[in-house]
Amino acid sequence: VGDKVEETFTVTSIDGTPSTIKVTINGTNDAATVSSATVAVDETDSAITTSGNLTSTDVDNPDNTFTPNSITGTHGDLTI
């Protein structure tokens, strides 16, 4: 995050005039990507549980971690 890389080089035109070109790349905070899956659920009166693995990749933060959380929606609760 916030890394800055500069590259400078000299070019010469056909008439022999030299010019310097400087390219600057400013890094930004790229969004993390999280694994996903598609599942089907049958409606029942009992709680639905499942298990699996979540993976996260973030080029700006290789030690990226998940924070467990619970949310309550219109049709139920979700806990990760």
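For the sequence shown, full-length UniProt numbering assigns the number 1 to the initial residue and increments by one for each residue that follows. Note that beta-carbon positions come from the ideal geometry of N, C-alpha and C, so glycine has one too.
In the same chain as I71, and ignoring 5 residues on each side of it, the C-beta atoms closer than 6 Å to its own belong to L78, in chain order.
Each of S46, V34, A40 and T74 was checked against the Cα of F66, and the nearest Cα belongs to V34. Counted as a single uninterrupted DSSP element, the beta strand (DSSP E) harbouring G76 occupies residues G76 to T79. Straight across, the Cα-Cα distance linking A37 with G52 is about 10 Å.
Restricted to the UniProt domain "RapA2 cadherin-like" (20-80), the beta strand (DSSP E) segments that are unbroken, complete and at least 3 residues in length are 70-73 and 76-79, listed in chain order.
Here T24 is not near P18, since their CB atoms are 8 Å or more apart. Nearest to A40 by alpha-carbon distance, out of P62, T8, T50 and I21, is T50. The beta-carbon separation of N64 and I80, rounded to 15 Å, does not stay under the 8 Å limit for a contact.
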